[in-house]
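For the numbering used here, add 246 to where a residue sits in the sequence shown, where the first one is 1.
Since the structure comes first, as C-alpha cells, the remarks are kept for the end.
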Amino acid sequence: MRMLPRPWLLAAALAPLQANAADVNAGPPTALSVSLYRAGTRAAEALELDRLRGFALVSERRQVRLPAGESRIRFGGVADGIEPASTIITGLPAGVLEKNEDAQLLSPAALVAQMLGREVVLVRTQPRTGVVTRSPGRIRSATDGIVFESTEGIEALRCSGLPETFSFSAATELSATPTLSVLVRSGAPATATITLSYLAHGFDWTADYVAHLSPDGTTMDLGAWVTLANANAVSFPSAQAQVIAGRLDRYADRDVAVPVAKPIIAQCWPRGTTTDVAAASSLANGAPPYRLEQSIGIADVRDMPVAPASIARLVEEEQLGDLKLYRVPQRTTLTSRQIKQVRLLEQAGVPVQLIYGADLVANQDRPWLTAAKTLRTKNDKAHHLGLALPSGRVASFLSRGNTLLLLAQAPLRDIAVGEQFEIGVGESADVQLRSTRGPDAVNRVEIHNARSSALAFELRLRLDPGSQLIAADHPVRTRHGQPVFEVQLPAEGHAIVRYQTGQPRQH
C-alpha cells in the first residue's frame, strides 16, 4: 500500500475485482451535479483538453447496502482528477474511518507490470499457415519494451516479426475506472442514500461571443455560448451543470496526478510510415480525440449570425457571494474528453458607437500607424443587455449582401451590469496618424481620414510616471488616469493635435 501525501490517510488501495465479503460496491449515481470553475491564470485563449487548469465540484447521489460491522464502500467511476482530501460523504449511518484512492487503471501496460516475474504464456501465430505456438515463460522486464524468458532463452517481444500476445489467468487487482473507497463501520445492516461530493481537476470553461454589426454600424446583435470542457476519462450523464465566474482564491500545493492508462511501447519492428507516428501515439495511449457536441459548435459559431431565440433556453444568472453563477437550465451530459457549448445570451439591436482611435506613448516620434476600431456600449437594460458578462472571446462579423465577413476576434474581460465596455473590431487602413516631437518640446500628432464620411477619433496618451499634460490645443478629458483627446475628423480630411507635458509644480 502506497501512502499518499494527504491531510489524512489516503492509501492507493488496489482492491480486487473479485470483491471479498467486506467489500461493498456503491450503486451508480442517481443524481449528478457538476459546478465548473475557470482557471485563474488563463486568458481568453481557446480551451485545450490536454491543458485544462480549471476544476469542478462534483456531487453524486448513490445508494449502498451496508452489512453490520466494518465494510469498505467502493465508489467506481469518479473523476480521474479527484482530490480525495476534499471528499465529503453524507448520509452514512456511521462515520468514515478511512479514505482510499485507486490510482492505477486497467491497461495493457499495467497488466504486463502486474505479471512481472509470474508464469505467462506467449502466443505466436504464423501469418501464412495460421499455426499457433504457445511458449510458457516469465516476463522479466517491461521498461522500454517487454523482455520474455522461456526455456528457449531470453528475447524481446515483437522482435520475431510475428503476431504475438500473452495469455494468463491470474486475477488482476487493477480497476477499469477510477475508484474511491471508504472504510466504514455500521452497527446493523442498512440501506443508505449517500451524497458524495469532491473537487476534481481536468475541467474548465470559457465564454464565446458573436457580435453581428449592422451595415450602418449603429447596432449589433450579440450572442454568447458557455463552452464546457471535460478532460477526464469519465463521463457525467444527465448532470445539472453550472459555471462560476470570478476570481477564486484557491491554493494548490502541487499538481495532482491524473491516472492514465499507459501503452506498451515495443522498440522492434516499427509499422506504418513516418507520417503515422502522431496518430499511432494517440491511439496507443488510449486517449480518444475530443469531440465538440452541440447543434452549433465553436467553429460554427464564428461563421454564423446570432441564432434565433427558439433554439434553447438560456443559461440563468445567479449571485454567489462576490462571484457569479450561471446555471444551465436543462440537464446536460459532460462526456469524457469533450468540449461542448450551451447558450448564454442572445440579444438583437444593441446600440453601439463605432470609435476610431489609437494609443500613443507621450513625447515619442512615431511613423504612420493604423487606427484601431472599437464598438462601445453599456451593459444595462437601456442598451438591451443587463446580464453580467463573463470574460471570453468575441468574434465580430459584418454582412455584405448575402455574405457574412469576419471583422476581428478579440478578448473580452468580465463586464459587470451597468458598466461601459468596448469590443475590438480590427483596424482601419483609411485612418492613420503619426507623431513628431519638435525642438521646443511641443508634440505634433497628424491624423488623416481617407474615408468619404466624417468620424469621431480618440487619441489616448500614455504619460510617463510623474509627468502631466501642461498644454494642448484641443479639449482633453481623463480616462483611467490618462488624457484622451476627442477629435472630429472631416470626410477625406485631417486634424492636428499639439500638446506638451512636464513635471507638476512643487508647492
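All C-beta atoms, glycine included, are put in the ideal place defined by N, C-alpha and C.
Taking C-beta to C-beta, are residue i and residue j nearer than 8 Å?
i	j	result
Arg706	Gln728	yes
Asn695	His740	yes
Leu754	Val280	As displayed, the chain neither begins before 247 nor continues past 753, which places residue 754 out of reach and without an answer.
Phe667	Asn609	no
Ile669	Ala457	yes
Thr724	Asp611	no
Glu673	Thr747	no
Gly638	Asp454	yes
Leu477	Val574	Looking at the sequence provided, one finds Ala at residue 477 rather than Leu. Result no, Cβ atoms of Ala477 and Val574 do not sit closer than 8 Å.
Val598	Thr578	no
Lys619	Leu600	yes
Asp326	Ala479	yes
Val489	Leu282	yes
Ser484	Ser305	no
Ser699	Ala737	yes
Val369	Gly383	no
Leu278	Phe482	yes
Leu621	Leu459	yes
Using DSSP's beta-bridge definition, name the partner residues of residue i.
i	result
Gln340	The amino acid occupying residue 340 in the given sequence is Ala; Gln does not appear at that position. Ala340 pairs with nothing; no bridge assigned.
Arg308	Ile440
Leu206	Residue 206 falls outside the range modelled here, since the chain spans only 247 to 753, and no answer is possible.
Trp451	Leu474
Gly492	Note: Gly492 sits in no beta bridge, so no partner.
Arg755	Absent from the model: residue 755. The displayed extent of the chain is 247 to 753, so no value can be given.
Ala434	DSSP lists no partner for Ala434.
Thr616	Gln678
Asp605	Arg706
Ala291	A quick correction: the sequence has Glu, not Ala, at residue 291. None; Glu291 has no bridge partner.
Ala487	Val280
Val456	Gly469 and Ala641
Helix, strand or coil for residue i? Go by DSSP, reduced to three states.
i	result
Arg297	helix
Pro534	At Pro534, the pLDDT of 40 sits below 50, so the modelled position is not reliable and the matter cannot be decided from this model.
Arg708	strand
Pro330	helix
His720	coil
Ala700	coil
His740	strand
Ala628	helix
Thr411	strand
Arg573	strand
Gln749	coil
Thr465	strand
Ile392	coil
Ala402	strand
Ala417	Confidence at Ala417 is low in this model, with a pLDDT of 49, below 50, so its placement is unreliable and the value that follows should be read with caution. Note: Ala417 maps to coil in three-state DSSP.
Gly561	Rather than Gly, the amino acid found at residue 561 in this sequence is Val. Reduced to three states, the DSSP call for Val561 is coil.
Thr375	coil
Leu590	strand
Leu633	coil
Thr578	strand
Thr397	coil
Gln714	strand
Gln610	coil
Pro657	strand
Ala314	coil
Arg725	strand
Ala479	coil
At the 8 Å Cβ level, is residue i part of the contact set with chain B, yes or no?
i	result
Gly727	No chain B appears in this structure, which consists of one protein chain only.
By the DSSP assignment, the beta strand (DSSP E) with residue i in it spans what residues?
i	result
Thr371	Glu365 to Thr371
Arg765	An answer regarding residue 765 cannot be provided, because it is not within the stretch 247 to 753 covered by the chain.
Ile661	Run containing Ile661: none; DSSP gives neither H nor E here.
Ser279	Ala277 to Tyr283
Glu732	Gln728 to Leu735
Pro382	Val378 to Ser387
Val270	Asp269 to Asn271
Arg646	Gly638 to Arg646
Got a sec: does the ligand ATP put a non-hydrogen atom nearer than 7 Å to the Cβ of residue i?
i	result
Ala702	Absent from the structure shown: the ligand ATP. Ligands present: none.
If residue i sits next to residue j, beta carbons under 8 Å apart, how far is it from one beta carbon to the other, in whole angstroms?
i	j	result
Ala634	Ala662	6 Å
Glu671	Leu468	The question names Glu, but residue 671 is Val in the sequence shown. The Cβ separation is near 13 Å, so there is no contact.
Val310	Gly273	6 Å
Leu588	Trp471	In the sequence on display, residue 588 carries Val and not Leu. Yes, Val588 and Trp471 are in contact; Cβ-Cβ is about 7 Å, under 8 Å.
Lys586	Pro636	Not confirmed; about 17 Å, so no contact.
Ile801	Val430	Because residue 801 is not part of the residues shown, which for the chain are 247 to 753, the question remains open.
Val733	Val743	6 Å
Leu754	Trp451	What is shown of the chain runs 247 to 753, which leaves residue 754 out entirely.
Gly712	Gln749	7 Å
Ser645	Leu653	About 11 Å separates the two Cβ atoms, so there is no contact after all.
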